[in-house]
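Structure first, then comments.
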Amino acid sequence: MIYPGHCHCGAIGFRFETALPVHAWSIRICECEFCRAHGALYTADPAGRVAFNAQIGNRPRRYLFASRTADFLFCENCGVYLGAMTEISGRYFAVLNVNTMRLADLPRPAHRSFEGESVEHRQERRQRTWTLVVNPL
Ligand SMILES: [Zn+2]
């Protein structure tokens, strides 16, 4: 199944491909200050893939913080936060902000804190648990 997501104005979006039905998705709330400020609700499927897309002339704004190992992607026009993407050994992995997907009946989210995690462990975890990006923006 393919689940689309997009920002409010529609300039930036993605198509998330997963074999998992929505009720079986892993939904996560990250406890860091950035994610709490956005009320971000994440999902990923390491067996799935995601393709980002942007209307001509639009590119996401990128924000880096803390370990600076992931790009946090926003629409430059409407400001909606779409998710985070990281590059590991020439491949890209992402987590998606489920709030951009307009889905009902999501599973209850699990809270996660990654504070104090080393960069090495962080990237290893992301490679194992995030979704492969087939066309990074
Ligand atoms: Zn937008």
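The numbering of the sequence shown is my numbering, which starts it at 1 and goes up by one.
Note that beta-carbon positions come from the ideal geometry of N, C-alpha and C, so glycine has one too.
With contacts defined as CB atoms closer than 8 Å, residue 131 and residue 50 qualify as a contacting pair. Residue 35: member of the alpha helix (DSSP H) spanning 33 to 38, first to last residue. Not one heavy atom of ligand 1 falls within 7 Å of the beta-carbon of residue 56.
Note on the region 44 to 125: whole beta strand (DSSP E) runs with a minimum of 3 residues are 49 to 54, 60 to 63, 71 to 75, 81 to 88, 91 to 97 and 110 to 112, in chain order. At least one heavy atom of ligand 1 lies closer than 7 Å to the C-beta of residue 12. Of the residues 99, 85, 110 and 105, the one whose Cα lies closest to the Cα of residue 123 is 85.
Short note on residue 75: C-beta closer than 7 Å to some heavy atom of ligand 1. Taking every protein chain shown into account, the CB of residue 4 has fewer than 16 other CB atoms within 10 angstroms, so this residue is exposed.
Under the Cβ criterion (8 Å, minimum of three pairs), the region 41 to 59 counts as touching the region 7 to 16. Under the three-pair Cβ rule at 8 Å, the region 63 to 74 does not count as touching the region 18 to 26.
Residue 106 is a Cβ neighbour of residue 98, given a cutoff of 8 Å. When 62, 30 and 26 are compared, the shortest CA-CA separation from residue 46 is found for 26. For residue 134, the uninterrupted beta strand (DSSP E) segment begins and ends at 131 to 135. Per the coordinates, the alpha-carbon of residue 137 lies some 22 Å from the alpha-carbon of residue 34.
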